[in-house]
């Protein structure tokens with residue numbers, strides 16, 4: 001009987017151990033299931049985050065490309081503006097030099113005009129005491145005299161040319177006559 005009681009107690013102990021083990025296994029399985037659920041949820045979150053990161057990388061890539069395009073465009077525009085400014089500055093410098101040259105010329109002509117104002121007064125006095133009505137008539141008369149003088153000089157030059165040709169012909173004729181007489 002004692003053996004059977006010991007056996008029974010042993011069986012009871014073993015059953016208790018089995019229940020404890022089943023409980024531990026069940027708790028472990030529940031913990032494992034919870035852990036697996038947590039891991040699956042983290043895995044889904046990780047995939048979602050990865051997809052978001054990929055989308056962000058694509059968006060960032062296009063943003064970077066757009067920024068690079070805008071930067072290149074801005075640099076090109078800045079270069080063009082700089083070239084345009086240099087061109088305008090050189091034009092401005094050229095215009096200033098031209099203006100200075102014109103001012104100097106104006107001063108020079110003003111001095112000349114002042115110097116020649118004496119001649120104007122003289123011409124006005126001449127016109128007043130002569131047959132001409134105004135200074136323009138006197139200048140026209142002077143220009144006509146210059147043209148006539150030029151024509152006369154040219155005519156004299158032609159006459160000299162003709163005279164020299166005549167002398168040359170006369171000498172040639174004399175030489176021909178002398179050659180005929182000697183034969």
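In full-length UniProt numbering, the protein residues as written are 1 to 183.
Backbone N, C-alpha and C fix where the C-beta goes; we use that ideal spot for every residue, glycine too.
Non-local C-beta neighbours of residue 85 in its own chain, meaning closer than 7 Å and more than five positions away in sequence, are absent. DSSP places residue 160 inside the alpha helix (DSSP H), whose first and last residues are 135–182. Residue 131 sits in coil when the DSSP states are folded into three classes, being neither helix nor strand.
For the pair residue 135 and residue 124, the CB atoms are nearer than the 9 Å cut-off. By the criterion of a C-beta distance shorter than 7 Å, residue 35 is surrounded by no residue of its chain, once the five residues flanking it on both sides are discounted. Here the C-alpha atom of residue 160 lies approximately 22 Å from the C-alpha atom of residue 175.
Put simply, the backbone Cα of residue 29 is about 46 Å away from that of residue 61.
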